[in-house]
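As structure tokens, the structure follows; a few thoughts come after it.
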Amino acid sequence: MGFLWTIVALVVALGLTWRFLGSYMEAVFDGRVRYLAWLEQPFYRLLGTGPDNEQSWRRYAGSAVVFSGAFLAFGYLLLRIQGHLPLNPQHLGAVPPALSFNTITSFVTNTNWQNYGGETTMSYFSQIGVLTVQQFVSAAVGIAVAIALVRGFSRRSSPTIGNFWVDMTRCLLYVLLPIAFLAGVVLVSQGAVQTLAGPARIHDPLNHVTQTIPRGPVGFMGAIMQLGTNGGGAFNADLAHPLENPTGLTNFLYIWLTLSIPVSLTYTFGKMVHSVRQGAALLTAMALIFGIWVGFTSYAEHQPNPAVAAAGVVHQPGGNMEGKEVRFGDTSSALFNVSMTQTSDGAVDSATDSYNPMGVFGTLTGMMLGEVTPGGVGSGLYTILIDAVIAVFIGGLMIGRTPEYLGKKIQAREVKLAGIGLLVMPITVLVLTAIAVSVHAGRVGPLNHGPHGFTEILYAMTSQGNNNGSAMAGLNGNTAFYNVVGAIDMLLGRFGVLIPAVALGGSLASKNVVPASLGTFRTDNAMFIGLVVGVIVVVGGLTFFPAVALGPIVEQLSHGRFF
Amino acid sequence: MARSTARPRPRAQPAPRGVAEARSLFDREILRQALVDAFKKLDPRVQVKNPVMFVVLVGTVVTFAESITHPGKFDWSITVWLFLTVLFANFAEAMAEGRGKAQADTLRRMRSEVEARRLRPDGTEERVAAADLVRGDLVCCEAGDLVPSDGEIVEGVASVDESAITGESAPVIRESGGDRSAVTGGTKVLSDRIVVRITAERGKTFLDRMIHLVEGANRQKTPNEIALTILLSVLTIIFIPVVVVLQPFGRYAGATVSVVILVSLMVCLIPTTIGALLSAIGIAGMDRLVQKNVLAMSGRAVEAAGDVQTLLLDKTGTITLGNRMAAGFLPVGGHTEQEVAGAAQLASLADETPEGRSIVVLAKERFNLRERDLGSGHVFVPFSATTRMSGLDVDHRRIRKGAADSVKRWVAQLGGRVPDELDAIVERVARAGSTPLVVAEEATILGVIELKDVVKQGIRERFDDMRSLGIRTVMITGDNPLTAAAIAEEAGVDDYLAEATPETKLALIKSEQEGGKLVAMTGDGTNDAPALAQADVGVAMNTGTTAAKEAGNMVDLDSNPTKLLEIVEVGKQLLITRGSLTTFSIANDIAKYFAIIPALFVATYPQLGALDVMRLHSPSSAVLSAVIFNALVIVALIPLALRGVRFRPSSSAAILRRNVLIYGVGGIVAPFVFIKLIDLLLVALHAY
Amino acid sequence: MIAHLRRSVVSILVFTAVFGFLYALAGTGVAQLLFRHQADGSLTSYGSTLIGQNWAGTPCPGHPLGSCVFHGRPDDTGPYAADLKARVAGGDNPLVANGVPGESGATDLGPRSKVLLEDTRALVAYWHRMGVHPTPDLVTTSGSGLDPDISVQDALVQVPMVSRATGIAPSRLRALVARERQGAELGFLGSPYIDVLRLNEALARLVAASGR
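Residue numbers (the working numbering), protein chains in the order written: chain A, -14 to 548; chain B, -5 to 682; chain C, 2 to 213.
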């Protein structure tokens, strides 16, 4: 019953957020929100650019790429000299090269895949000055690109699609910073730790246990970590850790935070193209898939754990509790993990590796759909728009007209760009998985044997290729092989979609608008929603069905077998 | 909303037996030639142009190599069927081209090697072969001569038999000056003598262009086709790694993965159905247009026709029956009907238009006025677009008839008075949907001639169809606004342009285009040329001037303005066929996975047998059934590709629903059924 | 390109300062001001109420080790017990490469893992030796390896064991458990739970009060 009410509360909270945050963001990116102008304007002067200097898609994409690359180099440097920097009460040394490369790449691409445990690898300086910064910035980059693509639809015959620096700054100042700060306060009030003092050591006279309690600037990092769909926690246990996610309320808050911007951006999209219905249609497609996935994943986790049952504890009313926290329970944990895998967030509040096979199937395939339901901040919207362009192309053909989306004709160039955006992720993920299962360095990674082990590798590559960051943590990723291969996976998965998205925005912006008529293919009704869902599921299904058949599906069908 | 199906749909006029007959799909000759061509097209250089089928060809070579190194019944069967898949694709394209070639041959036969009588600058004649004529040459044709090449009459008038091109056996009048000056190579002069200036480059006559178009060789891909090919390539590129990685995946699980099965899986996954039929669809689309006696200059024009949102239609001949008929004489200012009739008849004696003749006839019938003796010294004043009047000057009597404001202006210029009731009568006539012509003699207005227009039957329903497709119809007419309004109301057009001049027509097209719409129009005169060029789809009448034909991007050999509606339907049908078969092709993949994945891995993971929902006999029969289905479906859909998906004008939502249901849902379900059937057949024949 | 680089450098410096340090420092300041106890880690003199502890090693004179207190999840028990010699920290399975002392984490064993099967069997045997019919929570490890809570049922099945070791009547123990029960947030967010540290603190007071 409690789970049902949780869903209801989440739907209501998101409904309100969709409307109000969505319209707030539209105002922010239109430049109508100015209460921090005293910070904003001087910064533009410092940069030498401003809202009046619009960019073509090439300059926009170029800015994003150069900026990300420079930040990547800077962050790498800081991680490598960590031992010499202040704010290091744990006295940690430099982060090894391959791990640094993987980590900084991961945070710059909004993935937050972590081949390390925070308590023993990252000083407070690194958590604050490298990782948290990226959690803000990578989110802003994603959102900026999404807005640029939407401008492709809302503008006509325009050679420019906005200014990357301005979009990013506005996002950081007016959207991410205020909400994260408020959320941080709430999280701390519930018990998330936020201090710069080092670990505490306490001796318990009751049982003579001496504990080292890790601490740090965790609560506020958690806030932006989730708001920006990053997902990289300060601790190894991520959001299962009680000092980062102390109560069922904070668990719910994290879920809501993660979903808030991706969901609201559909409203922003609708508002920018002067038809909220258009955004609502995309949201409905997202919600349908998300809802179904939450449904069967929760159901799967409510089933008993086979190993535990075989060991003698057959009656498991609380579902599969291996790897789960008591204060959350089985179904809320499933809801959490599905939310995180479908928003490219990747945080976990329970151990994915210990999920029942259909539970793993749910989290894994959620990512394989391309992170569009609702997807990451910005990246979810620009990726689902790519899917929608394909759906419109085929649908438009079926009614006998040159396909058009919101009045913009979808021609060879648009199909090419959308096609590239569509094919980069599956190819990258599958090829890198194939390499990993073929070479010795890859094969020693998994913890579990048999199909579950294969799934661990597949999951890792899928997660990084979709910039998700969640892991079946049994896989030992902290090796040179997985660090480097993973970094490549993340870079391709991020920029291989981001750049075509910006290019698509530029191509659409330069077109004129064909007025709608009775003969136009409608993009705001049930048929369109069905076609978009169809494209997402069919393309995702067709590309990953064989791989998934060899992983969670075969495991699910293996009754009575243990590996 | 469901459309009532009880409404009788007006059938399009049966196409006159035109130059390109609709051939039966199973014409023996074409089938035989297509089979031969199918093999010829196996040349890799040809295959490379079609990325999807090229991949299949490569796959065939791979399985062939496997079959040789590890011979086995299964491997050989797969190789054969993969080869057949490529062959069937070639066959589809060859069928489409073959039909086109048949039409081209018919045309070529018409273009017999004629001798032309070329006029030298000094006026003497020389005989040269028609093929040697160049642009600008002057040739002379007399009764019994065949016109050697496309040209423009510069001197004389003749009656011409154009049945070779249009199928119409009734001869037409062609004369120099005016709008009927163009002649086409291959037509026959029946009477009199004309001098023709050749306007076509050698080898580039309309006939040549038609042959070229219809043959489909070196056909340029149209924009939409290019976009679709890109999408198909993207899908192919995605599926190659999907299949290739199954080798290492399988090895990790401890399975040996057969290369042949992997190739089979890949061929089944990539969109071979639409890949095989795409070019055939395009060619067949063009051919359907030729069957309707429309010559399109390019495939782009045909696609643009499907996108058109505004149709500009001439009233006369399209919306109304070509000829207005005189219906009555209405006197003003105390004059009698007979006076009006008499003057009207005089003013119309030289008028060779049907309207003029009907005035003469009506005057004769009503008042027995005939054999008017004009005496000498009479001058006929012909109609001109600028004065909008015509008439007769005789015995110092200047009689004029024409548009009300023109005649009023003329009378005023002569110092005459306009009777009060004239405007009322003119308006009354116009409101009734007729055209009023005012008759005046010298400075006196005598009365009004009422010309009635007759709206074609069934035209209103056709406009409703267009509207449901989202196409706006605009009627163009030289009539005054009141008349135009009445006829527009009766015919059911969305809008009209009255008192249209070439300039206003052009302005209308431009303003529609600025609003982002695509415009189609028909035209025939030289003054239509700018508008035809500006329009996105400009259909020139074959009876029109060469300038018009050059300016437009389509030529209607039947010179039937209603043809525009059919052209739009063909354009849409082309896109719908492409889209539906693409959806079908992709939807098919789902069932194929359920057939092949268990087959690949069931030896290592018997549990995966649960995925074998079709309960196929064995892994080999499952894979073979899928491959056979994949190949046969191409052949099965060739007729659909060539004929086009059935297209009935209705709302886009209804069309979409129908097609998604049939080709989307049907595409998912059909393979499950047929693969199972083929599997059963294979088991029965022990052929796996 | 140069313009992009220049702007990148400026942004990097400004963003690191503002969204890194300023954000964290301001956040820490506000957190310490408003919610000091939570911000510092919810510490008591017995440890953090949010961090689970190992109770299985509690000395109970005259009774088996750990039988006089309520246990939490077996994060640091049985096969997952801390073993400094082997450099295994509690809450981590040694097979996990991350088996580094001081790190949080789960076993990450799959539901069809033979290792999990054996480890769970070992835990079941342990509980039977202690005279408890274990609930699923008591034989499964948590996601964090530091789960501080158990459910009401988990506590109730341990009542016979604790009662024998402390001498306190089962009914009083059951009442104690009921008192320590905390409901889900707002009634429905998450699941009801009992903080084991708090439960054992209350138990200690109960034992002291009954004069033992």
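Just so it is clear, CB atoms sit at the ideal spot from N, CA and C, and this is done for glycine as well. No experiment lies behind these values; they were computed from the predicted model shown.
Close-in-space but distant-in-sequence residues of the same chain around residue i (CB under 6 Å, 5 per side omitted)
i: B:E87; result: S273 and A274
i: A:V520; result: D372, I375 and A376
i: A:G16; result: P36
Residue range of the unbroken beta strand (DSSP E) whose run includes residue i
i: A:T549; result: Residue 549 of chain A lies beyond the range of chain A shown here (-14 to 548); nothing can be said about it.
i: C:D177; result: For the record, residue 177 of chain C in the displayed sequence is Leu; it is not Asp. Premise fails: C:L177 lies in the alpha helix (DSSP H), P171 to E181, not in any beta strand (DSSP E).
i: A:I113; result: It is not in any beta strand (DSSP E) - A:I113 carries neither H nor E in the DSSP assignment.
i: B:R364; result: Where B:R364 is concerned, there is no enclosing beta strand (DSSP E), given that its DSSP letter is neither H nor E.
i: B:K504; result: Unbroken run through B:K504 is the alpha helix (DSSP H), P496 to E508; no beta strand (DSSP E).
i: A:T337; result: It is not in any beta strand (DSSP E) - A:T337 carries neither H nor E in the DSSP assignment.
i: B:T539; result: B:T539 -> no beta strand (DSSP E), and no H or E assigned at all.
i: C:F189; result: Taken as a continuous stretch (DSSP letters only), C:F189 belongs to no beta strand (DSSP E), as it is neither H nor E.
Opening and closing residue of the alpha helix (DSSP H) in which residue i lies
i: B:I591; result: K557 to F595
i: B:P665; result: G660 to L679
i: B:R707; result: Only positions -5 to 682 of chain B appear in this structure, which leaves residue 707 of chain B out of reach.
i: A:T106; result: G103 to T106
i: C:F16; result: I3 to F16
i: B:M319; result: Premise fails: B:M319 lies in the beta strand (DSSP E), M319 to P325, not in any alpha helix (DSSP H).
Integer-rounded CB distance, given that residue j should sit under 8 Å from residue i
i: B:I439; j: B:V326; result: 6 Å
i: C:V153; j: C:I195; result: 6 Å
i: A:E11; j: A:T253; result: 5 Å
i: A:G504; j: B:S646; result: 5 Å
i: A:N461; j: A:Y101; result: That belief does not hold up - the Cβ atoms of A:N461 and A:Y101 are roughly 11 Å apart, past 8 Å.
i: B:L307; j: B:M469; result: 6 Å
i: A:V333; j: A:L162; result: The pair is not a contact, with the Cβ atoms about 26 Å apart (cut-off 8 Å).
Where residue i falls, given that 16 or more other Cβ within 10 Å makes a residue buried
i: B:K43; result: exposed
i: B:L324; result: buried
i: B:R573; result: Arg is not the amino acid found at residue 573 of chain B; the sequence shown has Gly there. Per the 10 Å Cβ criterion, buried.
i: C:D93; result: Interpretation of C:D93 is limited by its pLDDT of 47, a score under 50 that renders its predicted location unreliable; no figure is taken from the coordinates.
i: C:S211; result: exposed
i: A:V31; result: Contrary to the premise, residue 31 of chain A reads as Leu rather than Val in this sequence. With fewer than 16 Cβ atoms within 10 Å of its Cβ, A:L31 is classed as exposed.
i: B:T(-1); result: With a pLDDT of only 43 at B:T(-1), under 50, the local geometry of the prediction cannot be trusted, and no value is derived from it.
i: B:V607; result: exposed
i: B:P250; result: As written in the sequence, residue 250 of chain B is Thr, which differs from the Pro given in the question. Flag for B:T250 reads exposed.
Close Cβ partners of residue i (< 7 Å) along its chain, the five nearest in sequence each way excluded
i: B:S61; result: D69, W70 and T73
i: B:A523; result: A541, A542 and A545
i: B:T57; result: D69, I72, T73, L76, V254 and V257
Beta-carbon proximity list for residue i, same chain, < 8 Å, skipping 5 on both sides
i: B:Q507; result: V513, Q528 and D530
i: C:V178; result: V153, A156, L157, V160, I195 and L200
i: A:W150; result: Y29, L32, T34 and S48
Checklist entry - Looking at C-beta atoms only, is the number of pairs between the region 258 to 274 of chain B and the region 222 to 237 of chain B that lie closer than 8 Å three or more? => result yes
Checklist entry - Okay, do the region 355 to 363 of chain A and the region 302 to 316 of chain A touch, 3+ Cβ pairs below 8 Å being the bar? => result no
Checklist entry - Is the region 555 to 572 of chain B touching the region 291 to 307 of chain B in the sense that three or more CB pairs, one from each, lie closer than 8 Å? => result yes
Checklist entry - Taking three-plus beta-carbon pairs below 8 Å as touching, is the region 129 to 149 of chain A in contact with the region 661 to 681 of chain B? => result no
Next on the checklist: Three or more C-beta pairs under 8 Å: does that hold for the region 345 to 352 of chain A against the region 110 to 122 of chain A?
Outcome noted: no
Checklist entry - How about the region 174 to 185 of chain A and the region 37 to 49 of chain C: do they share at least three Cβ pairs that are nearer than 8 Å? => result yes
Next on the checklist: With a threshold of 8 Å, are at least 3 pairs of Cβ atoms found where one atom belongs to the region 582 to 601 of chain B and the other to the region 655 to 665 of chain B?
Outcome noted: yes
Next on the checklist: Assess contact between the region 420 to 427 of chain B and the region 375 to 385 of chain B, defined as three or more Cβ pairs (one per stretch) separated by less than 8 Å. Is contact present?
Outcome noted: no
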